[in-house]
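Using our numbering, read the sequence shown as starting at 2 and increasing by one per residue.
We treat Cβ as the ideally placed atom computed from N, Cα and C, and that holds for glycine.
Since we're looking at a predicted model, the values are computed, not measured.
Reviewing the structure listed below.
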Amino acid sequence: MTRFRPCIDLHRGAVKQIVGSSLKDDGSAPQTNFESDQPAAFFADLYRKDGLTGGHVIQLGPGNGEAAAQALAAYPGGLQIGGGITPENATQWLQLGASHVIVTSWLFDKDGYFSLDRLNRLVAEVGAGQLVIDLSCRAKNGGWVVAMDRWQKETDLWLNPETLRQLSQVCAEFLIHAADVEGKCEGIDPDLVAFLGEHSPVPCTYAGGARSLDDLEQVQTLSRGRVDLTIGSALDIFGGTQVAYRDCLAWNRGG
(Lines of atoms letter the chains of each structure in order from A and count residues from 1; the text may use other names and numbers.)
(Lines give C-alpha, C1' and ligand atoms only; values in the text may rest on other atoms or scores of the structure.)
Protein backbone atom coordinates (compact mmCIF):
# COMPACT_ATOMS: atom_id res chain seq x y z
CA MET A 1 0.00 0.00 0.00
CA THR A 2 1.18 3.51 -0.80
CA ARG A 3 1.87 5.46 2.39
CA PHE A 4 2.10 9.17 3.10
CA ARG A 5 5.61 9.95 4.29
CA PRO A 6 6.32 13.22 6.10
CA CYS A 7 9.19 15.61 5.48
CA ILE A 8 11.08 18.48 7.07
CA ASP A 9 12.94 20.64 4.55
CA LEU A 10 15.53 22.96 6.08
CA HIS A 11 17.02 26.07 4.51
CA ARG A 12 19.36 28.27 6.56
CA GLY A 13 18.08 26.64 9.73
CA ALA A 14 14.38 27.26 9.11
CA VAL A 15 11.64 24.86 8.04
CA LYS A 16 10.68 25.90 4.52
CA GLN A 17 8.89 24.68 1.44
CA ILE A 18 10.83 25.77 -1.62
CA VAL A 19 10.33 25.42 -5.37
CA GLY A 20 13.16 23.00 -6.07
CA SER A 21 14.13 24.45 -9.43
CA SER A 22 14.74 27.88 -7.82
CA LEU A 23 17.61 26.73 -5.59
CA LYS A 24 20.85 28.32 -6.77
CA ASP A 25 24.40 28.73 -5.47
CA ASP A 26 24.72 32.30 -6.75
CA GLY A 27 23.39 33.88 -3.56
CA SER A 28 19.93 34.59 -4.95
CA ALA A 29 16.96 33.79 -2.72
CA PRO A 30 14.98 30.71 -3.75
CA GLN A 31 11.25 30.88 -4.42
CA THR A 32 9.75 30.04 -1.04
CA ASN A 33 6.18 28.82 -0.65
CA PHE A 34 6.28 28.69 3.14
CA GLU A 35 8.55 29.42 6.08
CA SER A 36 7.49 28.19 9.50
CA ASP A 37 7.83 30.07 12.75
CA GLN A 38 8.07 26.66 14.41
CA PRO A 39 11.43 24.86 14.70
CA ALA A 40 12.22 21.59 12.99
CA ALA A 41 11.86 19.75 16.30
CA PHE A 42 8.19 20.79 16.47
CA PHE A 43 7.38 18.91 13.28
CA ALA A 44 9.52 15.93 14.28
CA ASP A 45 7.64 15.66 17.57
CA LEU A 46 4.33 15.92 15.71
CA TYR A 47 5.28 13.02 13.47
CA ARG A 48 6.42 11.01 16.50
CA LYS A 49 3.15 11.54 18.34
CA ASP A 50 1.19 10.53 15.24
CA GLY A 51 3.27 7.41 14.64
CA LEU A 52 4.49 8.40 11.18
CA THR A 53 7.57 6.52 10.03
CA GLY A 54 9.96 6.75 7.11
CA GLY A 55 9.95 10.54 6.90
CA HIS A 56 12.99 12.56 5.96
CA VAL A 57 14.84 15.69 7.03
CA ILE A 58 16.59 17.36 4.10
CA GLN A 59 19.26 20.02 4.62
CA LEU A 60 19.13 22.36 1.65
CA GLY A 61 22.57 23.90 1.86
CA PRO A 62 24.65 25.05 4.85
CA GLY A 63 23.47 26.34 8.21
CA ASN A 64 21.05 23.53 8.98
CA GLY A 65 23.05 21.21 11.23
CA GLU A 66 21.70 22.40 14.56
CA ALA A 67 18.07 22.36 13.43
CA ALA A 68 18.50 18.91 11.91
CA ALA A 69 20.07 17.53 15.08
CA GLN A 70 17.22 18.91 17.17
CA ALA A 71 14.67 17.25 14.88
CA LEU A 72 16.41 13.89 15.20
CA ALA A 73 16.55 14.26 18.98
CA ALA A 74 12.80 14.91 19.04
CA TYR A 75 12.09 11.68 17.15
CA PRO A 76 14.97 9.23 17.66
CA GLY A 77 14.97 6.48 15.07
CA GLY A 78 11.97 7.94 13.30
CA LEU A 79 13.48 10.13 10.60
CA GLN A 80 16.02 9.84 7.81
CA ILE A 81 18.56 12.62 7.25
CA GLY A 82 19.91 13.95 3.96
CA GLY A 83 21.94 16.88 2.72
CA GLY A 84 25.74 16.90 2.77
CA ILE A 85 26.08 13.28 3.86
CA THR A 86 29.60 11.82 3.50
CA PRO A 87 31.49 8.86 5.00
CA GLU A 88 33.03 11.32 7.45
CA ASN A 89 29.73 12.43 9.02
CA ALA A 90 27.27 9.63 8.26
CA THR A 91 27.88 7.66 11.45
CA GLN A 92 27.54 10.82 13.53
CA TRP A 93 24.08 11.47 12.08
CA LEU A 94 23.03 7.93 12.91
CA GLN A 95 24.32 8.39 16.46
CA LEU A 96 22.29 11.60 16.69
CA GLY A 97 19.13 9.58 16.05
CA ALA A 98 18.65 9.23 12.29
CA SER A 99 17.21 5.90 11.19
CA HIS A 100 18.99 6.18 7.82
CA VAL A 101 21.30 8.56 6.00
CA ILE A 102 20.29 9.80 2.54
CA VAL A 103 23.01 10.42 -0.02
CA THR A 104 23.06 12.07 -3.43
CA SER A 105 25.88 14.47 -4.25
CA TRP A 106 28.60 12.49 -2.47
CA LEU A 107 28.16 9.72 -5.05
CA PHE A 108 29.47 11.99 -7.82
CA ASP A 109 32.69 13.88 -8.44
CA LYS A 110 32.74 17.64 -8.98
CA ASP A 111 32.00 17.16 -12.68
CA GLY A 112 28.92 15.03 -12.02
CA TYR A 113 30.37 11.61 -12.81
CA PHE A 114 29.09 8.72 -10.72
CA SER A 115 31.73 7.10 -8.49
CA LEU A 116 31.31 3.47 -7.45
CA ASP A 117 34.30 3.89 -5.14
CA ARG A 118 32.54 6.69 -3.26
CA LEU A 119 29.42 4.59 -2.90
CA ASN A 120 31.42 1.63 -1.60
CA ARG A 121 33.13 3.83 0.99
CA LEU A 122 29.79 4.96 2.33
CA VAL A 123 28.37 1.44 2.39
CA ALA A 124 31.46 0.28 4.28
CA GLU A 125 30.88 3.03 6.85
CA VAL A 126 27.16 2.61 7.58
CA GLY A 127 26.04 -0.57 5.86
CA ALA A 128 23.39 -0.95 3.17
CA GLY A 129 20.63 -1.34 5.74
CA GLN A 130 20.88 2.27 6.91
CA LEU A 131 21.52 3.87 3.54
CA VAL A 132 18.93 5.59 1.34
CA ILE A 133 20.09 6.60 -2.13
CA ASP A 134 18.50 9.79 -3.40
CA LEU A 135 18.06 9.62 -7.17
CA SER A 136 16.23 12.91 -7.54
CA CYS A 137 16.06 13.73 -11.20
CA ARG A 138 15.01 15.97 -14.06
CA ALA A 139 13.15 14.97 -17.20
CA LYS A 140 15.40 14.83 -20.26
CA ASN A 141 15.20 13.25 -23.72
CA GLY A 142 12.17 11.17 -22.84
CA GLY A 143 13.73 9.84 -19.62
CA TRP A 144 15.17 11.15 -16.36
CA VAL A 145 18.70 12.16 -15.45
CA VAL A 146 19.85 12.28 -11.81
CA ALA A 147 20.64 15.79 -10.54
CA MET A 148 23.04 16.74 -7.74
CA ASP A 149 23.91 19.86 -5.69
CA ARG A 150 20.34 20.62 -4.62
CA TRP A 151 19.06 19.51 -8.04
CA GLN A 152 21.05 22.20 -9.86
CA LYS A 153 23.54 20.06 -11.76
CA GLU A 154 22.80 17.13 -14.05
CA THR A 155 25.02 14.07 -13.64
CA ASP A 156 26.00 11.25 -15.99
CA LEU A 157 23.65 8.83 -14.20
CA TRP A 158 20.33 8.05 -15.85
CA LEU A 159 17.34 6.74 -13.96
CA ASN A 160 16.68 3.46 -15.72
CA PRO A 161 15.90 -0.13 -14.72
CA GLU A 162 19.57 -1.12 -14.66
CA THR A 163 20.50 1.79 -12.36
CA LEU A 164 17.73 0.84 -9.94
CA ARG A 165 18.68 -2.84 -10.06
CA GLN A 166 22.36 -2.26 -9.38
CA LEU A 167 21.97 0.36 -6.66
CA SER A 168 19.22 -1.56 -4.88
CA GLN A 169 21.83 -4.15 -3.92
CA VAL A 170 23.65 -1.65 -1.67
CA CYS A 171 20.87 0.37 -0.08
CA ALA A 172 17.66 0.00 1.89
CA GLU A 173 15.48 2.46 -0.04
CA PHE A 174 15.35 5.06 -2.78
CA LEU A 175 14.15 8.65 -2.37
CA ILE A 176 13.30 10.39 -5.63
CA HIS A 177 12.27 14.02 -5.99
CA ALA A 178 10.95 15.03 -9.39
CA ALA A 179 12.95 18.26 -9.41
CA ASP A 180 11.03 19.81 -12.32
CA VAL A 181 7.77 19.84 -10.36
CA GLU A 182 9.09 19.96 -6.77
CA GLY A 183 7.25 22.62 -4.75
CA LYS A 184 4.95 23.69 -7.58
CA CYS A 185 1.76 21.90 -6.46
CA GLU A 186 0.86 21.33 -10.09
CA GLY A 187 0.58 17.55 -9.93
CA ILE A 188 2.92 14.59 -9.74
CA ASP A 189 4.93 13.13 -12.61
CA PRO A 190 2.73 10.09 -13.37
CA ASP A 191 5.20 8.51 -15.78
CA LEU A 192 7.97 8.63 -13.17
CA VAL A 193 5.73 7.14 -10.48
CA ALA A 194 4.64 4.30 -12.77
CA PHE A 195 8.25 3.66 -13.77
CA LEU A 196 9.35 3.44 -10.13
CA GLY A 197 6.47 1.14 -9.28
CA GLU A 198 7.47 -1.22 -12.05
CA HIS A 199 11.23 -1.20 -11.66
CA SER A 200 12.31 -0.37 -8.08
CA PRO A 201 13.37 -3.56 -6.28
CA VAL A 202 13.41 -1.83 -2.86
CA PRO A 203 11.01 0.52 -1.04
CA CYS A 204 10.80 3.86 -2.81
CA THR A 205 9.46 7.29 -1.90
CA TYR A 206 8.44 9.82 -4.56
CA ALA A 207 8.25 13.57 -3.89
CA GLY A 208 7.28 16.43 -6.16
CA GLY A 209 4.15 18.23 -7.26
CA ALA A 210 1.56 16.58 -5.00
CA ARG A 211 -1.46 18.86 -4.74
CA SER A 212 -4.38 16.85 -3.36
CA LEU A 213 -5.29 13.81 -1.34
CA ASP A 214 -6.23 12.19 -4.65
CA ASP A 215 -2.52 12.06 -5.43
CA LEU A 216 -2.13 9.33 -2.82
CA GLU A 217 -4.77 7.32 -4.66
CA GLN A 218 -3.09 8.07 -7.98
CA VAL A 219 0.32 6.94 -6.74
CA GLN A 220 -1.29 3.83 -5.25
CA THR A 221 -2.83 3.00 -8.65
CA LEU A 222 0.13 3.91 -10.85
CA SER A 223 2.69 2.06 -8.72
CA ARG A 224 0.39 -0.75 -7.60
CA GLY A 225 1.05 0.35 -4.04
CA ARG A 226 4.82 -0.04 -4.36
CA VAL A 227 5.76 3.66 -4.09
CA ASP A 228 5.17 5.98 -1.14
CA LEU A 229 4.40 9.69 -1.46
CA THR A 230 5.73 12.77 0.29
CA ILE A 231 3.47 15.83 0.28
CA GLY A 232 5.04 19.19 1.09
CA SER A 233 3.87 22.60 -0.06
CA ALA A 234 0.22 21.57 -0.51
CA LEU A 235 -0.02 20.39 3.11
CA ASP A 236 -1.86 22.60 5.60
CA ILE A 237 0.87 22.30 8.27
CA PHE A 238 3.19 23.94 5.71
CA GLY A 239 0.79 26.71 4.79
CA GLY A 240 -0.93 24.85 1.98
CA THR A 241 -4.67 24.76 1.38
CA GLN A 242 -5.08 21.66 -0.77
CA VAL A 243 -4.26 18.78 1.61
CA ALA A 244 -5.11 18.35 5.29
CA TYR A 245 -2.46 16.63 7.40
CA ARG A 246 -5.18 14.79 9.34
CA ASP A 247 -6.47 13.31 6.08
CA CYS A 248 -2.99 11.93 5.32
CA LEU A 249 -2.94 10.34 8.76
CA ALA A 250 -6.34 8.79 8.07
CA TRP A 251 -5.07 7.42 4.74
CA ASN A 252 -2.14 5.70 6.44
CA ARG A 253 -4.48 4.25 9.02
CA GLY A 254 -6.74 2.86 6.36
CA GLY A 255 -9.38 5.59 6.29
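Rounded distance between the beta-carbons of residue j and residue i, thought under 8 Å
i, j, result
"V228", "C205", "5 Å"
"W107", "L123", "7 Å"
"A208", "T242", "A208 to T242, Cβ: 19 Å. No contact."
"A211", "A235", "6 Å"
"L165", "S201", "5 Å"
"F1", "F196", "The question about residue 1 has no answer here: the residues shown for the chain are numbered 2 through 256."
"S224", "G184", "The Cβ separation is near 22 Å, so there is no contact."
"R49", "G14", "21 Å between Cβ atoms; not a contact."
"V147", "S137", "7 Å"
"F193", "A179", "The residue asked about is misnamed: residue 193 is Leu in this sequence, not Phe. With a Cβ gap of about 6 Å, L193 and A179 count as contacting."
"R151", "G233", "Actually they are not in contact, since the Cβ atoms of R151 and G233 sit about 15 Å apart, beyond 8 Å."
"T3", "V203", "The pair is not a contact, with the Cβ atoms about 15 Å apart (cut-off 8 Å)."
Span of the alpha helix (DSSP H), counted from its first residue to its last, around residue i
i, result
"G96", "It should be pointed out that residue 96 corresponds to Gln in this sequence rather than to Gly. Segment A91 to Q96, the alpha helix (DSSP H) holding Q96."
"A245", "It is not in any alpha helix (DSSP H) - A245 carries neither H nor E in the DSSP assignment."
"R119", "L117 to V127"
"R166", "P162 to S169"
"Y207", "Note, Y207: premise wrong, no alpha helix (DSSP H); beta strand (DSSP E) at C205 to A208."
"D135", "No alpha helix (DSSP H) holds D135; the beta strand (DSSP E) holding it covers L132 to D135."
"T222", "D215 to S224"
"R49", "A41 to K50"
"E183", "Taken as a continuous stretch (DSSP letters only), E183 belongs to no alpha helix (DSSP H), as it is neither H nor E."
Residue i: first and last residue of the uninterrupted beta strand (DSSP E) it sits in
i, result
"E174", "E174 to H178"
"V58", "G56 to Q60"
"G83", "L80 to G83"
"K141", "C138 to K141"
"F35", "T33 to E36"
"V104", "H101 to V104"
DSSP beta-bridge partners of residue i
i, result
"H12", "A15"
"F5", "L230"
"K154", "M149"
"W252", "Note: W252 sits in no beta bridge, so no partner."
"G144", "K141"
"H200", "For H200, which the question treats as bridged, DSSP gives no partner whatsoever."
"G109", "Rather than Gly, the amino acid found at residue 109 in this sequence is Phe. Bridge partners of F109: F115."
"L236", "V244"
Environment of residue i [buried if 16+ CB atoms lie within 10 Å]
i, result
"Q18", "buried"
"P77", "exposed"
"P7", "buried"
"N65", "buried"
"T156", "buried"
"N121", "exposed"
"Q81", "buried"
"D10", "buried"
"E174", "buried"
"M149", "buried"
"S116", "exposed"
"G84", "buried"
"Q167", "exposed"
"Q60", "buried"
"Y114", "exposed"
"S253", "Ser is not the amino acid found at residue 253; the sequence shown has Asn there. Under this definition N253 is a buried residue."
Test: residue i CB closer than 9 Å to a CB of chain D
i, result
"L230", "Looking for chain D here will not work: only one protein chain is present."
- Message: Would the stretch 39-56 count as touching the stretch 84-94 if we require 3 or more Cβ pairs under 8 Å?
- Response: Taking 8 Å as the limit for Cβ pairs, the verdict is that the stretch 84-94 does not touch the stretch 39-56.
- Message: Check whether the stretch 176-193 and the stretch 214-221 touch, using three or more Cβ-Cβ pairs below 8 Å as the test.
- Response: Contact between the stretch 176-193 and the stretch 214-221 is present: three or more C-beta pairs spanning the two stretches fall below 8 Å.
- Item | Stretch-stretch touch, CB-based, cutoff 8 Å, three pairs: the stretch 101-120 with the stretch 128-137 | The stretch 101-120 is in contact with the stretch 128-137.
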